[in-house]
Amino acid sequence: MTSNASLTFNQTVKGITEFIEVAIHSILYVRQIYPADLFIRRKKYDTPVFQSRHPALNEYISGAVKAVGEELGNVNKVVVVIKDKDQVALERFIFSMRNMIEIESYNKDTSVQDAMSSITLSQYFRSFLVKLNMIESQLGLLELHDDASFAIVLELKDDMSPQSFSQDPPPWIPADRQHTTSGASDDAQLHLVRAVDTGIISLSLAVQESEEKLQKMKDLDGELDPKGKGKERAV
Amino acid sequence: MAKPLKPSGSSSSDLFGPDDPELMEILQTAVLSGDEPIERLPIATTVHSTVDTASRKRSRSFSPKLSSSSLPGATQAKDSDSVDDDTAVYGASRFGQFGEYMRRKRAKLQIQNENLDINDDAEGKSRIFQGLSIYINGFTTPSVQDLRQLIVKHGGVFQPYLDKKSLVPFRTHILTCSLTAAKIRDFKHMKVARPEWLVESAAAGTLLPWRDYIFRPGGRVEASQGISTQRPLFELPPLLPKPTAGAAKEAPLVDTSTQDLNVPRTPAGQQDDFVTQQMPPTASTSRLPLEISPSRVLYMTDPATYEEAARIPGYAANKSNPLAERVMANPDWRAAHTSAAPDFIEGFYKNSRLHHLSTWKAELKNLVAQAQEHVEGGEAAVLPPGREPIISASDSIWGHGGEVAADGEEDVSMKGAELVMQTRSKGKGKERAVDPEKVIMHCDFDCFFVSAGLISRPHLRGKPVVVCHSQGAQGGAASTSEIASSSYEARVFGIKNGMSLQQARKLCPGIMTIPYEFETYRQISLQFYTILMRHADDLQAVSVDEALIEVTSSVARRREEYSRLPVSEAAPKDPAQDLADLIRFQVKEATGCEVSIGIAENIQLARIATRRAKPAGTFHLVAADVQKVLEPLDIDDLHGFGYSTRQKAKEKLGATNLGELLKKSKGALCDALGKGTGETLYKAMRGIDERRLESDKPRKSVSCDINYGIRFENNEQAEAFIFQMAEEVSRRLNNVDMRGRSLTLKIMKRDPSAPVEPPKFMGHGICETFNKQTPLSNPQGRATSDNKDIGEHAWRLLKSWNFDPKELRGIGIQIQKLESTSGGDHYDPGQAKLPFQLLDTPTKARKGTAEADITDDHPEALNIDVEPPSQEAVVLVDTAGPINDGSNFRNSPSLDLPSFSQVDKEVFDALPADLRKELELEYQRRSHSPVPPEPSPVVPDARPKILVKGVNVKRITQQLAPNNRTMLSPKKNMLFTKRVGTSGMRTTDAELRKLDIDPEVFALLPIELQREQLITARHLKSGGLLSKRKIIKDGTRQTRSPSFPYRKKPPPQAKHPQPPLLKQQGKEKGERLYFTETDDVQRVIESWVEGFQEYPPNQRDVDYFSKFLVQSVDSADSGMEKTIAVMKWWLVLLRRDWTIWEHETSDVDKAKRLTSEGIGKAWWRAFREVKGKVDVAARKRFGGSLSLK
């Protein structure tokens, strides 16, 4: 992952799935889904990141990401849904992917001409993570305490079904519509964190605050300070 | 050995009740019947009284007589001692105590036995059965009672009951004469012997090895039951001289002339030690001499299947060879003597008798064929030149023999002269339908190896001599060396070819062994064949010492001569027999060995006649006698019918005797034995055999099998060995000038149930065999005899099984589908040869006319520099003439059919039916074989040529190629000019031509097809499947070599989303500015907002701007990022000036339109409008709306 040569398809896939895994850990830390002392500080993409130390959690994440990697090609979005205790989606961290070119299987390990180099890509990932770590400034504090949970939702391209359905049991289950981006109301607010065009697969990370969350925040704001905003409160 | 019984061991039978503690105590000290007497004696004195108790309780386990016998007088003491025990034995059984009842019954029986023992005279009593515990099952001769008495009398334990669980450690043997099938199964793992064992042991006064009396299931015991009309299933010849047969051993009596079918009569005393129906020894009646057919029992030292093993007397398939095991444990020895040794194959073949025989046979066949060729070619020489070296060679060694043969008989040379004539007439005569007078002779040496060996060892004549590898005392009594040949004197002892030396030594301890003398055999054999050739019309070499000759014309001539003689002299003479005697005499003179000759009208009968003739005689089986001779025979006496056929006949027809089978209908035979076999048998029994002598049967395969000494430790050794074998095979192929197209690998793998070291020293033992076949070809796809090719193919096959190399016991490589090296040299197999030559001037002239045609039809075509061949092809089809495109031919000597998908269906359908069929077949063939069968020539000279009934295939392939060209409009032709630039396939016309690709057609193909075609063509050019793979990788990974600039396939091209452009009129007229970067767009928007501080924004600008932003969102996520950044900046700008009206949505009245409020509100409205449009675009992708916080 540290060469100046342009990426191959497989490298891109590997890089993206690796990033998604790192990012999921960071999201869980940043959004305080689990207590902060569960996480350990590490360095990845030349930037500090937080990684869960809980083996079961790690296994779940890496398993999910592996399944994502298997589906990659068909995947439109990978969504990390932050839910409250009523299983209502509050925030959706959306990894959106778009395959730019079709590559024959024998060419998957061939450097794609004019594609991004792996060094550049990892710099992009650093920028993703830096912005992700700052996301609280945009989203405000999620004061869910122990009620928060999360889920990983896979949104496939239209008319696609997961390849791994043939496995027994299939790793994926149908998602709750409210958790998905298509279930988002028009009032949901989207914050685009970062996007990158590798020339092979385009990746972007966006955070969507659901209407329910905004409503909740508004209610909270109303109680405390009808005019103030969450982030101002935090200061 | 005197191990005390553990209490835990007492729960041996479910029938027994719980053991009482006092008995336990007794058992601790008790002694078993199988214990050694030395240890027993002192113990017996002390525990004697308790032994009895124990014996009553645990009747089967203990032998009460042991103590009594060792201590005379102890019995009385025991009787008085065991009063209270008697109640345990003789007391009334309680209800429901069946176990107790049985226990008591056993105890009583043992006491009875004991009494029996006592009643007998204790003095000098035999102890030979001591330690034996015997159970008798079924009907026996002598009766159970007698046997019981016998057992007890000689110190054994008689077991009245067979308890499966408890008996195992105690019971040693089961005696029986006949068992039911179920019991045979039950007793499978027990030692089952026949009662003769005990009877004879008792008679001999010593315990004979029970193995010689193993009960063999399947043999009915008619003899013992007094029914002896039927022949038993198994008639086993003697293996061991019976110890009891001290009585008058019959002198070996061999009457060669009268003996029925050459079965050596066995001394009666040796007979039947294996025979299950043996008469009871008590019966003093002399046995009827049984006719033993030697073919039932298989004699070989190293059988490969259990079926075979079962037919070999004394062969314990499951027994490991201890010597071999010991020796194999030594790595040095292993390295030097097994297949792991580097020179193993060489050594193997140097010593392999079978190898020599088969090689010679091949040589002889070749010589015979050569000789016949010369004869048929009408050579005037007295002897075919091919034979001359033989004679001179033999003369030098068999100097006197040759001379004797030459001048000892004037006839010989005359015959030789006549031979040519006869043979020539025979050359024509081969086509003659059926000659009623046909005379076939079967000539066979009598014990060839032995008689050959005896030439130099006259002192051994008349003694039992065998030929085998093992010499003298070497290998000792345990030698497993196989006997290849045995003298008649040795056969008298029952020695058979194929036996191991070990077995032979048992039969005849004084047996003499002589070594193989391959050189001698060869010389004799050549001599033999030379003589036969002088007389024969036709000759089939069966083996070195055996040949079939057709002597019809020789016999006819003799008959003629006889008829010319005065009647008195000629009358009784049989010309055929005379000729045979002459041949016999000549061979004897020349070689010093005896030959037996059978004469008959066909091959089958001749072979049968030879049996009568043996040894050293002739026998003419005339048609009248055929039935008489055949009737007493058995199926497997006929040549071509073996054990399995016999078994089938036995099962399905109930008879194996030809006389009986003769009564069966042809249909019945076919049903039972299969159509082919049945029919052949039906005819054979009637003396009909339509087979011809196979003097010139073409060679079908060349092979190399080694199944001796194969012991690998790892795959490396196995691989090295395979390659060595491949060398051997290759050498043999080259010897016969052949190449093969198919390879079969035969593997013998140790049967999982067989011991690691089989009974035959270094042999293969019982094996599972596996065969696999694969097409064989060199990298060019041709038949090959190259050792590397063969080795690689064979090794790949072996690897595909994934066997443990340690388990391998035999390897055979066989090459089939042979092609002559000289014949197939210039052609590619599977490819025919084009019959036409390159046409130069005529073609050009024609081409001119073709061009003219085109010009008429398509005037536009004149613009094209290069004539499009596909179009021309169409014209050619129209004229239907065999016109060649000279230029194309010059460039493309070899051509290929386009892939089937590329074929123009219309043209294809329009082809003549036969051509179409041919092409279809070709495509079919290709779809079957993974490797493209068209080998591309490595040397440019070797042009693969195709012969398709004189039709120009090139033309066809051109027609079959996609026919786009004819459809081209002139406009499309313009594409040619852009070709190199647009195609992305960097290649030149020259290169394409070299690859037989038409540049024009190529240019018109879509890029994908171009790539595919180019790769295929290059691949074919460089040849081979492996390189195909490499090329693909080459193209993607490796750097290009300068000589192959086109090899690289263009890598996939990245596609970046095209960012929409924000265009703006430049300061100068006509100048247009394009902005894509976020900063630039932000700057534009800033100048826009600042420029319209005093006016509301122009709606056209707003629309234009919103369109750009929406496009940006739609283009990619990074575009959306840009849009958001721009929007945010816009928001900042607006807030800077008009914050107060941000959430003011009310309409502004016209009056205020140009006030700050009006302008601010207009800006905000524009912003909201744009935001709304952008949100819609973003919602499509993510849902919700964009946050600009």
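Protein sequence lines, in the order shown, are assigned to chains E and D.
Each residue of the first sequence is one higher than the one before, counting from 1170 in the working numbering.
Each residue of the second sequence is one higher than the one before, counting from 8 in the working numbering.
Where a beta carbon is used, it is the ideal one built from N, C-alpha and C, also for glycine.
Predicted model, so just to flag it, every value in this text is computed and none were measured.
How do the segment 529-546 of chain D and the segment 598-608 of chain D stand: do at least 3 beta-carbon pairs fall below 8 Å, yes or no? yes
Which residue or residues does DSSP assign as beta-bridge partners of E:P1217? E:K1212
Close Cβ partners of D:L668 (< 8 Å) along its chain, the five nearest in sequence each way excluded: I642, A656, L660, A662, L676, L688 and M692
Measuring straight from C-alpha to C-alpha, what distance separates D:A209 and D:L157? 8 Å
D:Q429 burial status per 10 Å Cβ neighbour count (16 or more: buried): Summary for D:Q429: the model assigns pLDDT 39, below 50, so the residue's position carries little reliability; its value from the coordinates is reported in the next sentence. Buried is the call here.
Of all Cβ atoms in chain E, is any one closer than 8 Å to the Cβ of D:F1189? yes
Just checking my contact of D:D1199 with D:L374 at CB under 8 Å: how many whole Å lie between their CB atoms? Residue 1199 of chain D falls outside the range modelled here, since chain D spans only 8 to 1196, and no answer is possible.
Under 8 Å between beta-carbons, which chain D residues line up against E:S1175? List them in chain order, please. A1061
Look up E:S1291 in the DSSP assignment and say whether it is helix, strand or coil. helix
Within 10 angstroms of its Cβ, does D:N504 collect 16 or more other Cβ (buried), or is it exposed? buried
Does E:Q1358 come within less than 8 Å of chain D when only Cβ atoms are used? yes
Could you have a look at E:I1369 and say whether DSSP puts it in helix, strand or coil? coil
Within this structure, are the beta carbons of D:K806 and D:E775 separated by less than 8 Å? no
Pairwise C-alpha distance: E:L1226 and E:V1362: 25 Å
Hey, out of D:W217, D:T148, D:Y168 and D:Q166, whose CA is closest to D:G185's CA? The amino acid at residue 185 of chain D is misidentified as Gly; the sequence shows Ser. Comparing Cα-Cα distances from D:S185 to each of D:W217, D:T148, D:Y168 and D:Q166, the minimum goes to D:T148.
Is the CB of E:S1373 under 8 Å away from at least one CB in chain D? yes
Do the segment 1171-1185 of chain E and the segment 1271-1283 of chain E meet, that is, are 3 or more Cβ pairs less than 8 Å apart? yes
Run through DSSP, which three-state label would D:N144 get? strand
Closer than 7 Å between beta carbons: that is the criterion. Which residues of the segment 1119-1137 of chain D meet it against chain E? A1123, D1124, S1125, M1127, E1128 and I1131
Looking at the unbroken alpha helix (DSSP H) that takes in D:E1164, where does it start and where does it end? S1163 to F1189
Please state whether the Cβ-Cβ distance between D:A491 and D:C515 is less than 8 Å. no
Does the segment 1239-1253 of chain E come close enough to the segment 1216-1231 of chain E to have 3 or more Cβ pairs within less than 8 Å? no
Please state whether DSSP places D:E648 in a helix, a strand or coil. The residue you asked about is not Glu; residue 648 of chain D is Phe in the sequence shown. Three-state result, D:F648: coil.
I'd like to confirm something about D:K513: is its beta-carbon nearer than 7 Å to some heavy atom of the ligand SAM, or not? Among the components modelled here there is no ligand, and therefore nothing to report on the ligand SAM.
Please confirm if D:R1186 has its CB atom under 8 Å from at least one CB of chain E. yes
C-beta neighbour in chain D for E:T1279, strict 8 Å: yes
Would you kindly work out how many angstroms separate the C-alpha atoms of D:D696 and D:L645, rounded to a whole number? 11 Å
Examine chain D for any beta-carbon lying closer than 8 Å to the beta-carbon of E:G1238, and answer yes or no. No, E:G1238 does not count as interfacial toward chain D.
Under 8 Å, Cβ to Cβ, is there at least one residue of chain E near D:L1016? no
Please report how far the alpha carbon of D:R468 lies from the alpha carbon of D:A497, in whole angstroms. 11 Å
For a test of the three-state rule: what should DSSP assign to D:V446, helix, strand or coil? coil
Between E:D1345 and chain D, is there a C-beta pair that is closer than 8 Å? no
Rounded straight-line distance, which links the Cα of D:K670 to that of D:R803: Answer to the nearest angstrom: the Cα atoms are 53 Å apart.
Thinking C-beta only, is D:D811 closer than 8 Å to D:K753? no
Look at the alpha carbon of D:E107 and the alpha carbon of D:K190, and state the distance between them as a whole number of angstroms. 27 Å
Whole-angstrom Cβ separation of D:K1168 and D:W1148, contact assumed at under 8 Å? Rounded, the Cβ-Cβ distance is 5 Å, consistent with contact.
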